[in-house]
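The structure appears below as structure tokens.
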Amino acid sequence: MSDRNALLDQAVAAGHLLASSSANIKQLLARSTSPLYAASVDELIAAANWTELNDRFFRTLAFGTGGLRGRTIGRNVTKAETGTPTALGRPEFPCVGTNAMNFYNVSRATQGLVAYIAEFLAKEGRTGRPSIAIAHDTRHFSRDFAEFTAKVATDLGADVYLFSAPRSTPELSFAVRYTGALAGIVLTASHNPPHDNGYKVYFLDGAQVVEPHASGIITKVNALESDEYTPLPEADRGTLHVLGAEVDAAYIERLQTLLLDPNLVKNSDLKIVFSPIHGTGGEIIVPIFKKLGFNFTTVAVQDQHDGRFPTVKSPNPENAEALSLAIAQATETDADLVIATDPDCDRMGVAYRAQDGSIKLLTGNQIGSLMAWYRTKALFDSGILTRTTASHGVIIKTFVTTDLQKSIAQKYGLHVVETLTGFKYIGEKLGKYEKAIPGIDTAKYRTLSEEETRALRLQHSKFYVFGGEESYGYSGADFVRDKDGNGATVMFAEVAAYAKSRGQTLDQLLDRIYSDFGYYLEKSNSLVFEGASGAAQIAKLVASYAENPPEELDGSPVVALKNFASETFTDSEGDTVPKEKMLIVELADGRRIAVRPSGTEPKIKYYLFAKEEPEEGKAFTLEELTALKPKVADSLASLWTAIEADSQKRLWG
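In this text, residue positions in the sequence shown follow the working numbering: the first is 6, and each later residue adds one.
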């Protein structure tokens, strides 16, 4: 050990190793007994692979408001981690490091969560044990982490509801509410690359944790300096319950209520190609498509659970490459629609057969706007929403989601709320609307049908019509308190069936919406900075924007600035918007930019917005719309060029 410490000290003195990395390495090895940890560290030291050691140890993977997310397979896998070769295309053991997603950090997260919900139970005066529902996706180590999490939790006295096989993130949200658990955990890194994994935490309402619970859990977790713990006596340990078909059936039954016009689907000749991209989407979407009568096929090679995601470069359904096999199948079979979901099935991407016969992608904003418009229209057509009840209907969008959805809501007389990025804030609003119903408790509310809860919300509170993010996450009901790729698939397939029943392609339907509400265009870009050095660059950029915001961009003066980290804002309901590192810049010519660091990936994100609206009481003609589209697109391309140049000056001078 003295030799190892001496080598670490020498590397720090020579500038090869960060002091924080050295300290974290020493602490990990001093407080944990796993021989894997020492073997991997010694191997990297012997190879003088200081870059890898810095990336793995420059910090302790912080338990943030969403949980944990990080590399579970290092850039340079050690022989100790490789262990016995597996058929899964992965090392035997996860990446060793305090800044990695591994058993060390999963143990700390679970210990802290159990401690917090046990205290919460006592403060609430509730009897019984703490309880947690757990799901996992198809990623490398997801099942290992889920079973390990269940063991730690039961060892420490919590009852656990663990799914028997991979299930989606939205079904975990549903399962928390279905089982009455105090918390939920899903092991996933969503659409991140195969080397990543994560640990996402939910509270008793089925939504991701928000304040004050988020800070309470974070404090408990981050105070733990070791992965080791002492199990309770056997009599005091929790019970493991296995979840499966019963929860699936209850979830599918509820998802069916998202279909607003079942006869439209039954009579439709819409042809769909669906792909879960080696993830969990097929577990629910295939049976519900069959039950509802959609005409669909799946991409057989991508039906297989595989954490390598071997048929795509990235399992992100917003990327054309990830949909290429499904698009090829749609081309061969003359299908109208391609739908794909990411590994944990909380996001959905779409391609469609356009008016010219080609297959094209829709953006996340376009997908959400089509659903927001159709669901609003269909609810009014059916009489569920009326002029009298319209103000009780609500569409919820994030600040970085297209304002087209705001325009749709306002013109129909619906209430509209904007939140920070993250579906936890939409989930929080749904919880608020539930609590506003007089004389009903949570347990009773969850036993009611969708029709019954809708009637109560329309009378006493807010009826959730639709909500979404530009990043391909959507929902249309409150029985799930997170973005739901299963539900979004049902909802969007109905939109496509509606368009086809009118002899329209989706681009024609979208143009109809643009003509009536205005042409809105958005562009999302990112600057990626990996590893320890990348984190420093992201921090530098964020600080620069806060301390020295731009005065003009692309030749247009800045007319308004909103700094969500330093200023206090309230939403349309008077609720205070939590602080977040995000800057919104409005330009004199009507364009807008939002800048924020990603909470889950090593990047800083830029959201660009432009629009052209028709005169009051008028609509754009098709000719007018065709002429202004390239003009608006060019304005955003030019703006991005200016932003890139500005960011380089901020980083490098």
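Virtual Cβ for every residue (Gly too), placed ideally from N, Cα, C.
Please read all numbers here as calculations on a predicted model, not as lab measurements.
DSSP beta-bridge partners of residue i
i, result
"L73", "Y204"
"Y166", "A138 and H246"
"E423", "K402"
"F614", "E527 and R597"
"Q213", "Y207"
"R358", "I364"
"P602", "I609"
"T575", "T581"
"E649", "According to DSSP, E649 bridges with nothing at all."
"R352", "G478"
"E48", "E48 pairs with nothing; no bridge assigned."
"L641", "L641 is not bridged to any residue."
"L630", "For L630, which the question treats as bridged, DSSP gives no partner whatsoever."
"E621", "Answer is none; E621 lacks a bridge partner."
"E557", "P562"
Spatial neighbours of residue i in its chain, beta-carbon cut-off 7 Å, leaving aside the 5 residues before and after
i, result
"K84", "E48"
"N227", "A67 and F68"
"L75", "For the sequence presented, residue 75 should be read as Gly rather than Leu. Only L66, N104, A105, M106 and D201 meet the Cβ criterion."
"P619", "G523 and F625"
"G298", "V270 and K271"
"A43", "L34"
"N81", "N54 and E57"
"F62", "S26, N29, I30, G102, T103 and N104"
Neighbourhood of residue i by C-beta, 8 Å cutoff - its chain only, sequence neighbours within 5 removed
i, result
"E475", "T368, G369, N370, G373, T403, V405, T406, T407, E527, S529 and Y612"
"H21", "A53 and W55"
"L566", "P554, L588, I589, V590 and E591"
"D576", "V422, E423, T424 and V582"
"L627", "D516 and S520"
"R392", "G418"
Environment of residue i [buried if 16+ CB atoms lie within 10 Å]
i, result
"N197", "buried"
"G388", "exposed"
"P635", "exposed"
"L641", "buried"
"L514", "buried"
"K654", "exposed"
"D699", "There is no way to answer for residue 699, as the model of the chain reaches only from 6 to 658."
"T494", "buried"
"Q309", "exposed"
"K623", "exposed"
"P99", "buried"
"V306", "exposed"
"Q360", "exposed"
"L93", "exposed"
"Q410", "buried"
"L13", "buried"
"S220", "exposed"
"E433", "buried"
"G133", "exposed"
"R507", "exposed"
"N268", "exposed"
"R131", "exposed"
"W657", "exposed"
"V399", "buried"
"Q15", "exposed"
Element boundaries [beta strand (DSSP E), containing residue i]
i, result
"A565", "S561 to N568"
"G373", "First-last for G373: G369 to D386, but that is the alpha helix (DSSP H), not the beta strand (DSSP E)."
"E591", "L588 to L592"
"V191", "A188 to L192"
Sequence-distant residues of its chain with Cβ nearer than 6 Å to residue i (five each side left out)
i, result
"K608", "S531 and V533"
"E176", "Y256"
"F659", "Residue 659 is absent from the model: the chain starts at 6 and stops at 658."
Check: residue i C-beta below 7 Å from any heavy atom of the ligand NAP
i, result
"E423", "Only the bare structure without any ligand can be found here, which leaves the ligand NAP out of the picture."
Bounding residues of the alpha helix (DSSP H) (the contiguous stretch that carries residue i)
i, result
"L58", "W55 to F62"
"P175", "T174 to T184"
"D232", "Premise fails: D232 is in no alpha helix (DSSP H) and is neither H nor E."
"G221", "H218 to N227"
"R36", "A24 to R36"
"K416", "L409 to Y417"
"R9", "S7 to A18"
"E433", "F428 to K440"
Restricting to runs no shorter than 4 residues, where is the alpha helix (DSSP H) found entirely within the region 263-347? 267-271, 287-297 and 329-338
What are the complete beta strand (DSSP E) segments, minimum 3 residues, inside the region 451-493? 468-474 and 478-480
Taking only runs of the alpha helix (DSSP H) that begin and end inside the region 86-165, which ones reach a length of at least 4 residues, in chain order? 108-128 and 147-160
Whole alpha helix (DSSP H) elements within the region 495-548, 4-residue minimum: 511-522
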